[in-house]
Amino acid sequence: MIKPKPLKTGDKAAIIAPSSASDPKAVKQAEMKIRALGLEPVMFPTCFKNYGHLSARDEERADDVNNAFKDETIKGIICLRGGYGTTRILDLLDYEAIASNPKVFMGFSDITALHTAFNQICNMVTFHGPMAATNFARVKNDKVEFDNYSYGSLVKNIFTGEAPGLYANPNQEALKSLNSGTALGQLTGGNLTLLTATLGSKYEIDTKGKILFIEEIGEPVYKLDRMLTTLALAGKFDDCAGIILGSFVKCEREKKAYEGGLDLTFEEVVDNTLVKYKKPIIYNFKAGHSFPQPTLALGTLVRIDADKKEVEFLESGTR
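Mind the numbering: the sequence shown is residues 48 to 366 in the working numbering, read in order.
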């Protein structure tokens with residue numbers, strides 16, 4: 048895998064909005080947060096636009112991505128927010144130019160589609176982590192306040208060049224596991240909705256021999272069941288070496304209108320759909336839409352041990 052150089056104080060970081068728009072106050076605060084990291088934020092045009100449920104038209108959003116990678120003065124790229132729309136620009140990106148100009152690229156949620164494309168087409172490590180307008184930092188009275196856990200994980204991953212080593216949840220909350228055994232492989236994955244949305248396309252996720260990380264927000268359990276089953280039918284759990292289940296925020300089971308009972312729990316769905324593959328599974332891994340938020344280097348070597356309930360990041364995502 049191609050690894051970008053770590054960022055350093057004073058580097059220019061492009062802020063782009065390849066998905067949905069943010070309000071002007073959030074954009075201003077995003078700029079303040081990135082500056083508080085010691086970086087010089089360069090706000091690209093899509094940060095200031097709004098086009099329905101998107102930040103801008105497809106061509107404009109693709110241009111921002113392409114131009115951020117091509118600009119030699121830009122050393123890192125941090126997405127403003129997620130939302131909707133990255134799948135619409137996948138065919139408009141200049142993957143040759145992106146691969147030729149590896150840079151720290153960070154985001155999550157809808158940004159999953161870009162992570163998968165850059166990991167697989169460009170053979171480039173990317174970072175599943177905080178976005179400029181998300182809550183890894185708060186702005187109070189024009190002062191930026193960082194969450195220590197999120198800040199520490201981000202700095203270690205994109206600034207230091209160190210291998211993160213053994214993973215620890217926020218507040219030392221225990222990891223849990225299903226099945227037994229260990230697995231070693233490149234970390235891949237992200238948001239469940241986006242992983243299923245690209246199946247059948249040339250941007251479909253390749254899980255062969257890899258550690259598959261999955262997270263989600265705001266989907267009822269029966270929809271999680273459908274999406275996990277879709278990945279199963281596509282052979283993604285047959286192919287992978289192991290599974291990490293991240294945060295599933297506000298993913299509640301619903302009442303069955305025709306009986307007045309309840310849907311299956313998420314735990315029951317996992318037991319039905321994933322356990323049978325006999326792959327080591329780590330869950331209660333607090334990454335995704337939860338807070339505090341770790342930064343994960345997608346494309347780097349990860350070891351999971353279901354017996355010891357451990358996840359270890361064996362290499363740095365930068366060079």
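Each residue gets a CB set at the ideal place from its N, CA and C atoms; glycine is no exception.
Where the beta strand (DSSP E) containing residue i begins and where it ends
i	result
Gly-289	289 to 296
Pro-71	Note, Pro-71: premise wrong, no beta strand (DSSP E); alpha helix (DSSP H) at 71 to 83.
Tyr-330	328 to 330
Ile-121	121 to 126
Glu-87	87 to 90
Limits of the unbroken alpha helix (DSSP H) element including residue i
i	result
Phe-313	313 to 320
Leu-239	239 to 244
Val-349	No alpha helix (DSSP H) holds Val-349; the beta strand (DSSP E) holding it covers 348 to 352.
Ala-60	Here Ala-60 belongs to no alpha helix (DSSP H); instead the beta strand (DSSP E) covers 59 to 63.
Gly-364	Counting along the chain, Gly-364 falls outside any alpha helix (DSSP H), and DSSP gives it neither H nor E.
Lys-203	195 to 205
Leu-101	That residue, Leu-101, is in no alpha helix (DSSP H); it is neither H nor E in DSSP.
Ala-109	105 to 117
Leu-54	Here Leu-54 belongs to no alpha helix (DSSP H), and DSSP marks it neither H nor E.
Arg-300	From DSSP, Arg-300 is part of no alpha helix (DSSP H); its letter is neither H nor E.
Distance between residue j and residue i (C-alpha atoms, nearest Å)
i	j	result
Ile-63	Asp-272	33 Å
Glu-78	Ala-179	7 Å
Ile-124	Leu-309	43 Å
Ala-73	Lys-52	28 Å
Asn-216	Asp-194	14 Å
Ala-353	Gly-293	15 Å
Thr-312	Leu-321	14 Å
Ser-248	Asp-110	22 Å
Thr-229	Ala-210	19 Å
Pro-149	Gln-167	13 Å
Glu-251	Ala-281	10 Å
Leu-348	Ile-264	26 Å
Thr-277	Gly-256	19 Å
Asp-70	Ser-227	47 Å
Gly-335	Asp-157	11 Å
Glu-106	Cys-126	17 Å
Ser-337	Tyr-196	12 Å
Leu-101	Glu-362	35 Å
Ala-115	Gln-233	26 Å
Arg-300	Glu-314	11 Å
Phe-206	Asn-182	20 Å
Tyr-142	Thr-254	21 Å
Lys-117	Leu-140	12 Å
Ala-160	Val-202	24 Å
Leu-54	Ala-164	22 Å
Lys-122	Asp-318	43 Å
Gly-346	Gly-364	8 Å
Cys-94	Phe-295	28 Å
Gln-219	Tyr-330	14 Å
C-beta contact flag for residue i and residue j at 8 Å
i	j	result
Gly-176	Leu-343	yes
Gly-67	Arg-128	For the record, residue 67 in the displayed sequence is Ser; it is not Gly. In this structure, Arg-128 lies closer than 8 Å to Ser-67 by Cβ.
Leu-259	Thr-235	yes
Ala-184	Lys-80	yes
Val-268	Val-316	yes
Gly-85	Gly-130	no
Lys-356	Ala-221	yes
Phe-284	Lys-326	yes
Phe-152	Thr-133	no
Gln-340	Val-186	no
Thr-243	Met-274	yes
Glu-262	Gly-289	no
Asn-113	Ala-144	yes
Met-16	Ile-291	Here the chain covers residues 48 to 366 and nothing more, so residue 16 does not appear.
Ala-60	Pro-88	yes
Neighbour flag for residue i against chain C, beta carbons, 8 Å
i	result
Lys-270	Among the protein chains of the structure shown there is no chain C, as only one such chain exists.
Bridge partners - residue i, DSSP secondary structure assignment
i	result
Leu-259	Thr-235, Ile-290
Val-358	Ile-351
Leu-345	Thr-173
Ala-230	Ile-351
Lys-223	Tyr-330
Leu-213	Glu-359
Ile-264	Val-296
Ile-49	Met-171
Quick check on the DSSP output: what are the complete beta strand (DSSP E) runs of length 3 or more inside the region 131 to 192, in order along the chain?
Listed in chain order, they are 151 to 154, 173 to 175, 184 to 187.
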